[in-house]
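Scroll down for the structure; my scribbles are underneath it.
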Amino acid sequence: MAKDYKIFISHSWQYTDTLEALRNLLNERGYFNATYEESTKDNPINSENESYVKRRLAQKIGASDVILALAGVYASHSSWMQWELDKALELGTPIIGVIPRGQEKISTIVSSRSLEDVRWNTESIITAIRKHAK
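Going by the working numbering, the sequence shown opens with residue 271, and the numbers climb by one from there.
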């Protein structure tokens, strides 16, 4: 029986199309099962209380088997992504950087915290997840 992975995708809300594309890429593989823990515009944490939001995110990050961090250069400008990745390190949740299709430069916010950075290729991403997940 295939393992079901709990994945938290750290992303910038301005680039939700990349988040959806990554989910679709993984979901198209019939032999790979995943549920997603991150908050999205469609499924937000409904609060303006920053400490509450951070507490909920920390629970989701801690419950995840692995963090996939979208490593586009925009990640360097997202204080939330930096916070999520630092929280993952604190909680011992492994981080994999995923380089969006066509990107040459990647964010040091991601690359300095990830165990591995992989290109936008389904097999590379799934192999890294299986290698590093809790």
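Glycine is no exception: its CB is placed at the ideal position from the N, C-alpha and C atoms.
Remember, predicted model here, so these are calculated numbers, not experimental data.
Contact under 8 Å by Cβ, residue i with residue j
i	j	result
Gly342	Thr286	no
Pro370	Leu340	yes
Ala345	Ser377	yes
Under the three-state DSSP convention, the category residue i falls into
i	result
Asp312	coil
Arg383	coil
Asp335	coil
Lys276	strand
Asn391	coil
Tyr322	helix
Ile376	coil
Whole-number beta carbon distance between residue j and residue i, since they are thought to touch under 8 Å
i	j	result
Asp274	Thr310	Not really, about 20 Å apart at Cβ, beyond 8 Å.
Lys330	Glu307	4 Å
Lys276	Ser334	5 Å
Spatially closest choice to residue i from the options, by CA coordinates
i	options	result
Gln352	Ser384, Val336, Ala291 and Ala403	Ser384
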